[in-house]
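In the working numbering, the protein residues as written are 507 to 684. In this text, a Cβ means the ideal position worked out from N, Cα and C, and glycines have one as well. Since the structure is predicted, the reported quantities are computational estimates derived from the model, not experimental observations.
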Amino acid sequence: MKLLFDFFPILLFFAAFKLADIYVATGVAIVATVGQIAWLRLSGRKVEPMQWASLGIIVVFGGMTLLFHDETFIKWKPTVLYALFAAGLLIAPRFTGKNPLRSIMGAQVTLPDAIWQRLTLAWVGFFACMGVLNIVIAYRFPLDVWVNFKVFGTLALTVVFVVLQALWIGRYAEDTQP
507 MKLLFDFFPI LLFFAAFKLA DIYVATGVAI VATVGQIAWL RLSGRKVEPM
557 QWASLGIIVV FGGMTLLFHD ETFIKWKPTV LYALFAAGLL IAPRFTGKNP
607 LRSIMGAQVT LPDAIWQRLT LAWVGFFACM GVLNIVIAYR FPLDVWVNFK
657 VFGTLALTVV FVVLQALWIG RYAEDTQP
C-alpha cells in the first residue's frame, strides 16, 4: 500500500497525460502531491524528507512548466530530484555524522560499516545514472516515450536495483537472531 501511495501522483500524472496533455498532467501531479502531503500531515503521519523534496520540486518545476507553457521544466524534474537524493546521501554524513541509509534501514538489517558505505555509494551511482538517463530520454525521444519511461521505466529500473541490492546485502547481513 505504501508503494502505491508513493506512486499515486505519478500514476495520476500518467493517466492525465494519456487523457489530455502534458500541461494537464503536470497540474494533476502538483495537486496530487500537495494532497498526498496534506493527507499525511492531517493523519498524523511523518512526511519523509524525500517527500518534502519531491513536493518542492514538483511545485517549482511543474509551476514553471505551467507558467511558461514549456514541457522542458517538467522533464528536468526527475533529474533534479535524483541529483538532490544523490547529493543528500553524500553530504548528510558530513553534517550528521550518520549514514542516511543506515538511519532509514538499520532497524531492518544489520551490516558492517564498510557495507553501509558501499551501499550508499551504490545508491548515489544509481541516482546519478537515473538522472542522466532521464535527460537522455527527455531530449532524444518523443514526449510520450519520456512519459512512459518516467512512469514505467524508472519503476522497473528501481525494482531491479532494489532486488540486486537485496541479494548483495544478503551476503553481508549479520544474523541478529540468538
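query                                                                                                                                                                     : result
Go ahead and label proline 515 buried or exposed: buried means 16 or more other beta carbons lie within 10 angstroms of its beta carbon, across all protein chains shown. : buried
Please classify lysine 692 as buried or exposed, where buried requires at least 16 other C-beta atoms within 10 Å of its C-beta.                                          : Nothing about residue 692 can be reported from this structure: the residues present for the chain run from 507 to 684 only.
Exposed or buried, which one is lysine 552 when buried takes at least 16 other CB atoms within 10 Å?                                                                      : exposed
Could you check which residue in Glu554, Asn654, Ala679, Ala535 has the C-alpha nearest to that of isoleucine 621?                                                        : Ala679
Buried or exposed: which applies to glutamine 683, given that a residue is buried once 16 or more other Cβ atoms fall within 10 Å of its Cβ?                              : Note on glutamine 683: pLDDT 49, under 50, position unreliable in the model; the coordinate value appears next. Exposed, since its Cβ has fewer than 16 Cβ neighbours within 10 Å.
Using alpha carbons as the reference points, say which of Ala593, Phe523, Lys524, Ala559 lies closest to phenylalanine 633.                                               : Ala593
Under 9 Å between the Cβ atoms of proline 584 and leucine 595?                                                                                                            : no
Shortest alpha-carbon distance to asparagine 640 belongs to which of Val566, Leu587, Leu548, Gln557?                                                                      : Leu587
Looking at the structure shown, is alanine 613 part of a helix, part of a strand, or coil, going by DSSP?                                                                 : coil
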